[in-house]
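Colleague:
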Amino acid sequence: MSTLVAAQGWRFRKPSVIPGFGLTLGFTIAYLTLIILVPLSGVAWRTTELGWTEFWAIATDERTLKALRISFGTSLIAATINVVFGTLVAWVLVRYRFPGRRIVDAAVDLPFALPTAVAGIALASIYAPNGWIGQLLAPFGIKAAFTPLGIVIALVFIGLPFVVRTVQPVMEEIDNEVEEAAATLGANRFQTIQRVILPGLAPAVLTGFALAFARAVGEYGSVIFIAGNIPYVSEIAPLLIVIRLEEFNYAGATAIAAIMLIISFAMLFAINLIQAWSRRRYGYGG
Amino acid sequence: MAVELMTDMSQTVAAHPAGTRRYRRATTEGPVAKGVLIAMALGFLALFLVLPLIAVFIEAFRKGAGEFLFALREPDTLAAIRLTLTVAAIAVPLNLVFGVAAAWAIAKFEFKGKAFLTTLIDLPFSVSPVISGLVYVLLFGAGSMLGPWLKSHGIEILFAVPGIVLATIFVTFPFVARELIPLMQDQGTGDEEAALSLGASGWQTFRFVTLPNIKWGLLYGVLLCNARAMGEFGAVSVVSGHIRGLTNTMPLHVEILYNEYNFVAAFAVSTLLAGLALVTLVLKSFLEYRYGDEIAAAAKH
Chain A
275 MSTLVAAQGW RFRKPSVIPG FGLTLGFTIA YLTLIILVPL SGVAWRTTEL
325 GWTEFWAIAT DERTLKALRI SFGTSLIAAT INVVFGTLVA WVLVRYRFPG
375 RRIVDAAVDL PFALPTAVAG IALASIYAPN GWIGQLLAPF GIKAAFTPLG
425 IVIALVFIGL PFVVRTVQPV MEEIDNEVEE AAATLGANRF QTIQRVILPG
475 LAPAVLTGFA LAFARAVGEY GSVIFIAGNI PYVSEIAPLL IVIRLEEFNY
525 AGATAIAAIM LIISFAMLFA INLIQAWSRR RYGYGG
Chain B
3 MAVELMTDMS QTVAAHPAGT RRYRRATTEG PVAKGVLIAM ALGFLALFLV
53 LPLIAVFIEA FRKGAGEFLF ALREPDTLAA IRLTLTVAAI AVPLNLVFGV
103 AAAWAIAKFE FKGKAFLTTL IDLPFSVSPV ISGLVYVLLF GAGSMLGPWL
153 KSHGIEILFA VPGIVLATIF VTFPFVAREL IPLMQDQGTG DEEAALSLGA
203 SGWQTFRFVT LPNIKWGLLY GVLLCNARAM GEFGAVSVVS GHIRGLTNTM
253 PLHVEILYNE YNFVAAFAVS TLLAGLALVT LVLKSFLEYR YGDEIAAAAK
303 H
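Structure follows, in structure tokens:
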């Protein structure tokens, strides 16, 4: 329809003979607005209604601060563990051939597929003081379930596939010649990995870390069963939102949600920056 | 020497002047390092992934098959299964239609603000499930404008099935679209242009040209969307109200049973959800293995 007019100046879209642009884009935007944007803007709306002083009072409340610190602290630790073991798992899957490799590769996605509540009660039963691993840890005085350590365990479970699935494809694309060159120049294997391979993987690893971290911060289902949910000790921010809602304290819930949303959008922005930087520097997205 | 003999067959065999000594390639690790790394990776996966899965089945059968079956035949459990299936049956097709429409608009056309639109579609993935539920509480709850008005007209959204469906649609929103967009971008518009130039209508082009091209990718997206729809906990928990037999989905029912210390029943319902996860993984791996070129997510690794 706009093919003739579009020849000069600004145009919304490039001309095309393919039909259905108006219909599909219209439906996409309408559905997106109704399901996602309008409800989500409700959080912003309610937060502005609160007023700055009230928002600040909720945000700096001792229990809120503790919950946020626990959420972000345990997520940081879990994402770091995931980076180490996720990269290791990706390396083993990409570089080595061993029986059952395909099954192991498929199993990495289990945390994506297993409902979080199921993962939560299974982990809680394993790490409880009388559970399979819990009773092995008990003689050493280590309590896993119902402590922040339990939260970390659940978040490691949830975050693992994010790191593996981001690092794996980039690892597969590493040019063998780079390693050969390093070896020719006298580097031993350890030096080659440390100085040649790992720097090239850095953007992907960083993206995987950010994705695992972002997911961990918002995680609810797998954590609440193993955490023990003791206020000020092992109470995560999403749980505090639920508690505030159950008290019909909508203002409290909204304020915490707004803080979490701001931080996760900042994370999303950071992930995009890493990927853009990586594309410029290495020619591929993380 | 024993170490040398273990060297992988696939490695280059170099003839040594003194005999048949094998050298390992400069671009791989020694067999010992390899073994240690594989053992560490597999040990980690066994501890964190396999053990919880085994625990679900062992705990469910702790008091024998009789208790297990009894737990599954409970009316509340059956109601939860029915509700989960109903919710998925509404949410997944809606997101399927949306995914196809969004992918068509984004992949087949060039327009301003496309990257921004794609980012918006991914938005639900970076929002905590609890917040995904909270947004609907704020929209339809007691303090909102919409809630009381709908209630006066006899329409219940919150703490009823429509709220659960909405929250599920929210969290599973991007799955189909994000699978189809890169796939359809790769395929370009050549096939469709050919069909149109041969006189096919827009609908015929989609039905007989595009759809066969994207069917495996579509199935892949639907599979992941469905797994999340049936397993969603956080978002649904916030909007459901936890009314047994009425607004309890399977994951919520697991929580209630667990908190009542009815562990056998909680794990029995969990085995169904774990079974769903396993079936999803098997089908997903099959699609990646068999139709890897026709699936965007698989092509990436």
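Residue numbers (this note's numbering), protein chains in the order written: chain A, 275 to 560; chain B, 3 to 303. Built from N, CA and C at the ideal position, the CB exists for glycine as well.
Let me check one thing: in DSSP terms, what residues is Arg-287(A) bridge-paired to?
Modeller: In the first sequence, residue 287(A) corresponds to position 13, counting from 1. According to DSSP, which records beta bridges pairwise, Arg-287(A) is partnered with Phe-113(B).
Colleague: Three-state secondary structure (DSSP) at Gly-32(B)?
Modeller: Indexing the second sequence from 1 puts residue 32(B) at position 30. DSSP places Gly-32(B) in coil when its eight states are reduced to three.
Colleague: Relative to the C-alpha of Thr-307(A), which residue among Leu-53(B), Leu-122(B) and Ala-73(B) is closest?
Modeller: For the purposes of this step, residue 307(A) is taken as residue 33 along the first sequence, with counting starting at 1. Closest option to Thr-307(A), Cα to Cα, is Leu-122(B).
Colleague: From the beta carbon of Asp-383(A), is the nearest beta carbon of chain B less than 8 Å away?
Modeller: Taking the first sequence and counting its residues from 1, one reaches residue 383(A) at position 109. Yes, Asp-383(A) counts as interfacial toward chain B.
Colleague: Please state if the CB of Thr-273(B) and the CB of Ala-82(B) are separated by a distance shorter than 8 Å.
Modeller: To locate residue 82(B), count along the second sequence from 1; it is residue 80. To locate residue 273(B), count along the second sequence from 1; it is residue 271. Cβ atoms of Ala-82(B) and Thr-273(B): not closer than 8 Å.
Colleague: Do you know whose CA, among Ile-377(A), Ile-425(A), Thr-322(A) and Leu-324(A), lies nearest Val-497(A)'s CA?
Modeller: Here residue 497(A) is taken as the residue at index 223 of the first sequence, counted from 1. Per the Cα distances, Ile-425(A).
Colleague: Does the beta carbon of Ala-450(A) sit closer than 8 Å to a beta carbon anywhere in chain B?
Modeller: Taking the first sequence and counting its residues from 1, one reaches residue 450(A) at position 176. Correcting the residue identity first, residue 450(A) is Asn in this sequence and not Ala. So yes, Asn-450(A) belongs to the interface.
Colleague: With 16 as the cutoff for other CB atoms within 10 Å, does Asn-450(A) come out buried or exposed?
Modeller: Position 176 of the first sequence, counting from 1, holds the residue named residue 450(A). It is exposed - the Cβ of Asn-450(A) has fewer than 16 other Cβ atoms within 10 Å.
Colleague: I'd like to know whether the C-beta of Arg-554(A) is nearer than 8 Å to at least one C-beta of chain B.
Modeller: Residue 554(A) sits at position 280 when you count from the first residue of the first sequence. Cβ-Cβ to chain B under 8 Å: no for Arg-554(A).
Colleague: With H, G and I counted as helix, E and B as strand and the rest as coil, what does DSSP make of Glu-493(A)?
Modeller: Position 219 of the first sequence, counting from 1, holds the residue named residue 493(A). Reduced to three states, the DSSP call for Glu-493(A) is coil.
Colleague: What's the call for Glu-521(A), buried or exposed, on a 16-neighbour Cβ count within 10 Å?
Modeller: Counted from its first residue, the first sequence places residue 521(A) at position 247. Classification of Glu-521(A): exposed, given that the 10 Å Cβ count is below 16.
Colleague: Give me the chain B residues within the contact set of Ile-536(A), using Cβ-Cβ distance strictly less than 8 Å, ordered along the chain.
Modeller: Numbered from its first residue, the first sequence carries residue 536(A) at position 262. Neighbours of Ile-536(A) on chain B: none; closest Cβ ~11 Å, over 8 Å.
Colleague: Give me the chain B residues within the contact set of Ser-349(A), using Cβ-Cβ distance strictly less than 8 Å, ordered along the chain.
Modeller: Within the first sequence, residue 349(A) is the residue found at index 75, counting from 1. The premise fails here: Ser-349(A) is roughly 11 Å from chain B at the closest Cβ pair, so nothing lies under 8 Å.
Colleague: So, do the region 157-174 of chain B and the region 237-250 of chain B have three or more beta carbon pairs nearer to each other than 8 Å?
Modeller: Taking 8 Å as the limit for Cβ pairs, the verdict is that the region 237-250 of chain B does touch the region 157-174 of chain B.
Colleague: Could you tell me whether the region 97-112 of chain B touches the region 219-228 of chain B, using the rule of 3 or more Cβ pairs below 8 Å?
Modeller: With the cut-off at 8 Å, the region 97-112 of chain B and the region 219-228 of chain B touch.
Colleague: Just the Cα atoms here: how many angstroms apart are Tyr-25(B) and Arg-439(A)?
Modeller: As a working note, residue 25(B) is residue 23 in the second sequence. As a working note, residue 439(A) is residue 165 in the first sequence. So the alpha carbons of these two residues sit roughly 33 Å apart.
Colleague: Please classify Pro-214(B) as buried or exposed, where buried requires at least 16 neighbouring CB atoms within 10 angstroms.
Modeller: As a position in the second sequence, residue 214(B) is number 212, starting the count at 1. Classification for Pro-214(B): exposed.
Colleague: For Lys-217(B) and Ala-353(A), what's the separation of their Cα atoms in angstroms?
Modeller: Residue mapping note: residue 217(B) aligns to position 215 of the second sequence, counting from 1. Residue mapping note: residue 353(A) aligns to position 79 of the first sequence, counting from 1. Going by the C-alpha atoms only, they are around 35 Å apart.
Colleague: Please list the terminal residues of the continuous alpha helix (DSSP H) segment that includes His-255(B).
Modeller: Here residue 255(B) refers to the residue found at position 253 of the second sequence. 252-261 is the extent of the alpha helix (DSSP H) around His-255(B).
Colleague: Could you list which residues in chain A have their beta carbon closer than 8 Å to that of Trp-106(B), in chain order?
Modeller: Along the second sequence, read from residue 1 onward, the residue named residue 106(B) stands at position 104. Chain A residues near Trp-106(B): Gly-294 and Thr-298.
Colleague: Beta carbon of Ala-564(A), beta carbon of Ala-419(A): below 8 Å?
Modeller: Because chain A is modelled from 275 through 560, residue 564(A) falls outside the range shown and cannot be assessed.
Colleague: Give me the chain A residues within the contact set of Phe-50(B), using Cβ-Cβ distance strictly less than 7 Å, ordered along the chain.
Modeller: One-based indexing of the second sequence puts residue 50(B) at position 48. Here the neighbours are Val-430, Phe-431 and Leu-434.
Colleague: According to the neighbour-count rule (16 or more other Cβ atoms, all chains shown, within 10 Å of its Cβ), is Ala-91(B) buried or exposed?
Modeller: As a working mapping, residue 91(B) is identified with position 89 in the second sequence. Exposed: under 16 other Cβ atoms inside 10 Å.
Colleague: How big is the Cα-Cα spacing for Leu-519(A) and Ala-341(A)?
Modeller: As a working mapping, residue 519(A) is identified with position 245 in the first sequence. As a working mapping, residue 341(A) is identified with position 67 in the first sequence. Approximately 15 Å between the Cα atoms of the pair.
Colleague: Which chain B residues are close to Lys-288(A), counting only those with a beta carbon under 8 Å from its beta carbon?
Modeller: In the first sequence, residue 288(A) corresponds to position 14, counting from 1. Within 8 Å Cβ-Cβ: Phe-111, Glu-112 and Phe-113.
Colleague: At a CB-CB cut-off below 7 Å, which residues of chain B make contact with Glu-328(A)?
Modeller: Taking the first residue of the first sequence as 1, we reach residue 328(A) at position 54. Neighbours of Glu-328(A) on chain B: none; closest Cβ ~15 Å, over 7 Å.
Colleague: Only counting the same chain, and skipping five residues up and downstream in sequence, which positions put a Cβ closer than 8 Å to that of Phe-386(A)?
Modeller: By 1-based counting over the first sequence, the position of residue 386(A) is 112. Excluding positions up to five away in sequence, the list reads Pro-435.
Colleague: Run through chain B and tell me which residues come within less than 8 Å of Val-363(A), C-beta to C-beta.
Modeller: Counting from 1 along the first sequence, the entry for residue 363(A) is found at position 89. In chain order: Ala-43, Phe-46 and Leu-47.
Colleague: Can you name the start and end residues of the alpha helix (DSSP H) that Leu-429(A) belongs to?
Modeller: Here residue 429(A) corresponds to residue number 155 of the first sequence, with the count starting at 1. Start and end: 422-446.
Colleague: For Asp-379(A), I'd like the list of residues in its chain whose CB is within less than 8 Å of its CB, leaving aside the five on either flank, ordered along the chain.
Modeller: Within the first sequence, residue 379(A) is the residue found at index 105, counting from 1. Result list for Asp-379(A): Leu-367, in chain order.
Colleague: Compare the C-alpha of Asn-546(A) against each of Ile-533(A), Glu-509(A) and Ala-484(A) and name the closest.
Modeller: In the first sequence, counting from the first residue as 1, residue 546(A) sits at position 272. The option with the nearest alpha carbon to Asn-546(A) is Ala-484(A).
Colleague: With a cut-off of 8 Å, does the C-beta of Ala-396(A) fall near any C-beta of chain B?
Modeller: The sequence position of residue 396(A) within the first sequence is 122, counting from 1. Chain B, which has a Cβ nearer than 8 Å to the Cβ of Ala-396(A), makes this yes.
Colleague: Compare the C-beta of Trp-28(B) against all C-beta atoms of chain A and say whether one is closer than 8 Å.
Modeller: Within the second sequence, numbered from 1, the residue matching residue 28(B) stands at position 26. Residue 28(B) is actually Ala in this sequence, not Trp. Judged by the 8 Å Cβ criterion, Ala-28(B) is in contact with chain A.
Colleague: So is Gly-223(B) in contact with chain A if we call contact Cβ pairs under 8 Å?
Modeller: As a first step, residue 223(B) must be located in the second sequence, where it is residue number 221. Output row for Gly-223(B): interface = no.
Colleague: Using Cβ-Cβ distances below 8 Å, what residues of the region 481-503 of chain A are close to chain B?
Modeller: Of all residues in the region 481-503 of chain A, Ala-488, Val-491, Gly-492, Glu-493, Tyr-494, Gly-495 and Phe-499 have a Cβ within less than 8 Å of some Cβ in chain B.
Colleague: Within 10 Å of its beta-carbon, does Thr-528(A) have 16 or more other beta-carbons around it, so buried, or fewer, so exposed?
Modeller: Working through the first sequence from its first residue, we reach residue 528(A) at position 254. Counting Cβ neighbours within 10 Å, Thr-528(A) comes out buried, since at least 16 surround it.
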